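Below: one structure, written as structure tokens.
Number of protein chains: 2
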Amino acid sequence: MIVELVSVGTEILLGNIVNTNAAYLSEQCAKLGLSCFYQDVVGDNPDRMKDVIATALSRSDMVILSGGLGPTQDDMTKEITAEVMGKELVEDTHSKERIQAFMDDYIKTNPTMKITKNNWKQAMVPKDALVLDNANGTAPGLIIEENGKIAILLPGPPNEMIPMFENQVYPFLQKRQPEIIYSQMVKICGVGESMAETAILDLIDKQDNPTIATYAKTGEVHMRITAKAKDEAAAKKLIKPMVRELKVRFGKNIYTTDENKSLEEATIELLHDQGLSLCTAESCTGGMLSARLVNVPGASEVLKVGLVTYSNRAKRKFLMVKKSTLKTCGAVSEKTAKEMAKGGNFVNGTDVCVSITGVAGPDGGTKEKPVGLVYIACCYKNEIMVQELHLNGNRAKIREQATVKALTLLRECVLEHYKTKK
Amino acid sequence: MIVELVSVGTEILLGNIVNTNAAYLSEQCAKLGLSCFYQDVVGDNPDRMKDVIATALSRSDMVILSGGLGPTQDDMTKEITAEVMGKELVEDTHSKERIQAFMDDYIKTNPTMKITKNNWKQAMVPKDALVLDNANGTAPGLIIEENGKIAILLPGPPNEMIPMFENQVYPFLQKRQPEIIYSQMVKICGVGESMAETAILDLIDKQDNPTIATYAKTGEVHMRITAKAKDEAAAKKLIKPMVRELKVRFGKNIYTTDENKSLEEATIELLHDQGLSLCTAESCTGGMLSARLVNVPGASEVLKVGLVTYSNRAKRKFLMVKKSTLKTCGAVSEKTAKEMAKGGNFVNGTDVCVSITGVAGPDGGTKEKPVGLVYIACCYKNEIMVQELHLNGNRAKIREQATVKALTLLRECVLEHYKTKK
Numbered sequence: 023m024i025v026e027l028v029s030v031g032t033e034i035l036l037g038n039i040v041n042t043n044a045a046y047l048s049e050q051c052a053k054l055g056l057s058c059f060y061q062d063v064v065g066d067n068p069d070r071m072k073d074v075i076a077t078a079l080s081r082s083d084m085v086i087l088s089g090g091l092g093p094t095q096d097d098m099t100k101e102i103t104a105e106v107m108g109k110e111l112v113e114d115t116h117s118k119e120r121i122q123a124f125m126d127d128y129i130k131t132n133p134t135m136k137i138t139k140n141n142w143k144q145a146m147v148p149k150d151a152l153v154l155d156n157a158n159g160t161a162p163g164l165i166i167e168e169n170g171k172i173a174i175l176l177p178g179p180p181n182e183m184i185p186m187f188e189n190q191v192y193p194f195l196q197k198r199q200p201e202i203i204y205s206q207m208v209k210i211c212g213v214g215e216s217m218a219e220t221a222i223l224d225l226i227d228k229q230d231n232p233t234i235a236t237y238a239k240t241g242e243v244h245m246r247i248t249a250k251a252k253d254e255a256a257a258k259k260l261i262k263p264m265v266r267e268l269k270v271r272f273g274k275n276i277y278t279t280d281e282n283k284s285l286e287e288a289t290i291e292l293l294h295d296q297g298l299s300l301c302t303a304e305s306c307t308g309g310m311l312s313a314r315l316v317n318v319p320g321a322s323e324v325l326k327v328g329l330v331t332y333s334n335r336a337k338r339k340f341l342m343v344k345k346s347t348l349k350t351c352g353a354v355s356e357k358t359a360k361e362m363a364k365g366g367n368f369v370n371g372t373d374v375c376v377s378i379t380g381v382a383g384p385d386g387g388t389k390e391k392p393v394g395l396v397y398i399a400c401c402y403k404n405e406i407m408v409q410e411l412h413l414n415g416n417r418a419k420i421r422e423q424a425t426v427k428a429l430t431l432l433r434e435c436v437l438e439h440y441k442t443k444k
Numbered sequence: 023m024i025v026e027l028v029s030v031g032t033e034i035l036l037g038n039i040v041n042t043n044a045a046y047l048s049e050q051c052a053k054l055g056l057s058c059f060y061q062d063v064v065g066d067n068p069d070r071m072k073d074v075i076a077t078a079l080s081r082s083d084m085v086i087l088s089g090g091l092g093p094t095q096d097d098m099t100k101e102i103t104a105e106v107m108g109k110e111l112v113e114d115t116h117s118k119e120r121i122q123a124f125m126d127d128y129i130k131t132n133p134t135m136k137i138t139k140n141n142w143k144q145a146m147v148p149k150d151a152l153v154l155d156n157a158n159g160t161a162p163g164l165i166i167e168e169n170g171k172i173a174i175l176l177p178g179p180p181n182e183m184i185p186m187f188e189n190q191v192y193p194f195l196q197k198r199q200p201e202i203i204y205s206q207m208v209k210i211c212g213v214g215e216s217m218a219e220t221a222i223l224d225l226i227d228k229q230d231n232p233t234i235a236t237y238a239k240t241g242e243v244h245m246r247i248t249a250k251a252k253d254e255a256a257a258k259k260l261i262k263p264m265v266r267e268l269k270v271r272f273g274k275n276i277y278t279t280d281e282n283k284s285l286e287e288a289t290i291e292l293l294h295d296q297g298l299s300l301c302t303a304e305s306c307t308g309g310m311l312s313a314r315l316v317n318v319p320g321a322s323e324v325l326k327v328g329l330v331t332y333s334n335r336a337k338r339k340f341l342m343v344k345k346s347t348l349k350t351c352g353a354v355s356e357k358t359a360k361e362m363a364k365g366g367n368f369v370n371g372t373d374v375c376v377s378i379t380g381v382a383g384p385d386g387g388t389k390e391k392p393v394g395l396v397y398i399a400c401c402y403k404n405e406i407m408v409q410e411l412h413l414n415g416n417r418a419k420i421r422e423q424a425t426v427k428a429l430t431l432l433r434e435c436v437l438e439h440y441k442t443k444k
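Chains as they are written, first to last, in our numbering: chain A, 23 to 444; chain B, 23 to 444.
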């Protein structure tokens, strides 16, 4: 089945917002085994919308539209799609009740607000359409079918669109597939994208069912294995040997096979399982590493303190880096990174401390210590692992890469001891 | 002039990458006064590409394509566009020399690499096309004109595309405009989006030349004032009274009128101008605030240390928060926020300390202290400003908002004293 994505909204055409909805929906379609050949963006203009929607419905089997379902005159996605598909609009009592309830609730906390006539426009739906409840807003979603074509209309705000897709559209599409599509994620760190691709080139070359798709993230590679089969059990059976093969090839570089788990989450879990407390000691990343660890709910049980020791004075005071080390080796050196990590544990009584010091640029680079030179160290009790990195890109990119590398080193360091403990 | 954006690449259709190029190019077109009515994404498929490019050239005056200029067989943007526009490909000696030089340089650091025959494909250009040098890669950009239509071909990687657009395409388009388009940015913080819009509703309603466009960012609103005139001086003259009016309405909430200056940069500059040293004390944001300040090159002259005191113990040890305060008021309280800010200065000998403590969720909320309750404080020498925030959204959104609010409070606090000093 060929699917086309149409995003409606002048704010996308003006560059006010990045079209993350299209990226989300594309990935979901790929996961469902649907082929997406086109994405379109069109503004809130009836003629151009009509043109784009009619073209999409003529060349694709299914069109997923997002945006333009709001209560104002500008919001015309539903009206135009219904017109193109030859459907009249009728009032949907269920949606009307939901809008009333949602607004009543909203007015409770915003007493100056009123329900205006506009709002009831959202209760009008194309005849025979399947109505999708919106848990986070007033605009219902819609699935319209006519002449073997399907149009799926979703609200634009991601916090309304994503839950609606996940809970209602995904199961709908899954049921429609002649075969079950099942996919399994394998996430790896500590292996570069090209090295990862080279390592599985033979698998990609002979891939058929299941297929492997690689997604490069900063410092990580995600691999999605997708199989088609008559039922879930059969699909899982096809996927299993491939996952096993990847485990052989990437070993402990695989940090999770859970789609929704991030590297920081896997790392915090690992520390938590071992009952280890953590401290971070950052210079050029300025808190990026601790901020990323704190992304994980409940990180406080592991991360006790984060020290951003940007000045030499702070490195000495909070991490007990020696004056002589800073003088002879400099703030950006293997020795300083090691002393930062060791000092962090000593000062805070933590089990593990990970440190980062480097030249993020654009200024401050020298011939000996160019922009992109970063040292990371991890001290587990009293043993220290250290790495010298040569990173490319601008200031933000260098700091982001250093952060992921430090997370990876932290994970490695804990795993190292995990093994010896057994 | 009507412009259409075509992004080429299967990786966008699979959702592997977010189409940030389209957002960038759209904003640039808006800045140039060009109307963008459509954005399209198409994969590396010759028939579908031909179809999309021909449609775009028929309904728009100018088409900007990005992606598909690489050396492989899959990269066909140039070949297909040339075919649609009826242009033959010829070898461009200048581009060939540049590719040779780029590859020679690359091979120096990667001695196992070789120039393959593929690479010379990139030196072929449509006859009479204007060739745009690529400072960061091997694929030249191209401007092709035929029958009153213009096609502009740019490489896909943003680090190649953006400098090429800025340095070569933007000036080209600016010269083509019958009138000069000039725009001026006004960035404000500490005023919500809807409040900002309400405050300028009358200006928007009667806008003609110049126009105002508002861009909502987390905790900030950016306003772009754009004027058309016969020359730059005349355009600036049209813009000036509008900027003056915005200054009257938003006062010190305007943190810059420089397009490229961020809130953290403006804040660091302000502190630097006053010779003030800074320390940050964060709990729920976990280092987001210090990481954002360190985005600014040279931040080290101002930010001395950042403390992520995630545990109560760390709050006591590093910020001297009183045990009794944590016990009676709790870690998330006005009193704790104040003591954190005061303690930060005391411990570090800094002039200014800004603190954040809150419930970021999803767990940990109570009836008295629900998820989203955040206290921020700023201590300037010994005077303290404090704010209680009630933020909405998920964990990441709450932390991001708290970070911007803290930056805004920090700026306010310094400005307050700046005034009294004079």
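Ideal Cβ placement from N, Cα and C applies to all residues, glycine included.
Keep in mind that this is a model prediction, so the values were computed, not measured.
Mind checking residue i: buried by the 16 CB within 10 Å criterion, or exposed?
i: residue 299 of chain B; result: buried
i: residue 275 of chain B; result: buried
i: residue 214 of chain B; result: exposed
i: residue 421 of chain A; result: buried
i: residue 270 of chain A; result: exposed
i: residue 185 of chain A; result: exposed
i: residue 314 of chain B; result: buried
i: residue 216 of chain B; result: exposed
i: residue 427 of chain A; result: buried
Just to confirm my understanding: we take residue i, look at its own chain, exclude 5 residues before and 5 after, and list those with CB closer than 7 angstroms. What are they?
i: residue 289 of chain A; result: 429, 432, 433
i: residue 145 of chain B; result: 113, 114, 117, 118, 121
i: residue 294 of chain B; result: 323, 324
i: residue 403 of chain B; result: 373
i: residue 414 of chain B; result: 394
Any idea what DSSP makes of residue i, helix, strand or coil?
i: residue 39 of chain B; result: coil
i: residue 211 of chain A; result: strand
i: residue 74 of chain A; result: helix
i: residue 51 of chain A; result: helix
i: residue 248 of chain A; result: strand
i: residue 237 of chain B; result: strand
i: residue 23 of chain B; result: coil
i: residue 69 of chain A; result: helix
i: residue 354 of chain A; result: coil
i: residue 263 of chain B; result: helix
i: residue 133 of chain A; result: coil
i: residue 366 of chain A; result: helix
i: residue 306 of chain A; result: coil
i: residue 432 of chain A; result: helix
i: residue 389 of chain B; result: coil
By Cβ distance, which residues of its chain are closer than 8 angstroms to residue i, with the 5 residues on each side in sequence left out?
i: residue 252 of chain A; result: 201, 202
Going along the chain, which residues of its own chain have a beta-carbon closer than 6 angstroms to the beta-carbon of residue i, five neighbours each way excluded?
i: residue 51 of chain A; result: 25, 58
i: residue 79 of chain B; result: 85, 171
In the DSSP assignment, what residue or residues form a beta bridge with residue i?
i: residue 394 of chain B; result: Partner(s): none; residue 394 of chain B has no beta bridge.
i: residue 401 of chain A; result: A:375, A:406
i: residue 202 of chain A; result: A:251
i: residue 173 of chain A; result: A:85, A:166
i: residue 62 of chain B; result: A:62, B:28
i: residue 480 of chain A; result: Look at the range of chain A in this structure, 23 to 444, and you will see that residue 480 of chain A is not part of it.
i: residue 328 of chain A; result: A:302, B:330
When you check each C-beta in the segment 390-422 of chain A against every C-beta of chain B, which residues fall closer than 7 angstroms?
So the list reads 417, 418, given in the order they occur along the chain.
What residues from the segment 316-338 of chain B come within 8 angstroms of chain A, judged by C-beta to C-beta, listed N to C?
Flagged, chain order: 316, 317, 319, 320, 321, 322, 325, 326, 327, 328, 329, 330, 331, 332, 333, 335, 336.
Report the residues of the segment 209-242 of chain A with a CB closer than 9 angstroms to any CB of chain B, ordered along the chain.
So the close ones are 235, 236, 237, 238.
For the segment 44-58 of chain A, enumerate the residues whose C-beta is nearer than 8 angstroms to any C-beta of chain B, in chain order.
Listed by position along the chain: 44, 45, 46, 47, 48, 49, 50, 51, 52, 58.
Of the residues that make up the segment 372-385 of chain B, which ones have a beta carbon closer than 7 angstroms to any beta carbon in chain A?
Here the close residues are 384, 385.
Select from the segment 158-186 of chain A all residues with a C-beta closer than 9 angstroms to any C-beta belonging to chain B, and list them in chain order.
Of all residues in the segment 158-186 of chain A, only 181 place a beta-carbon less than 9 angstroms from a beta-carbon of chain B.
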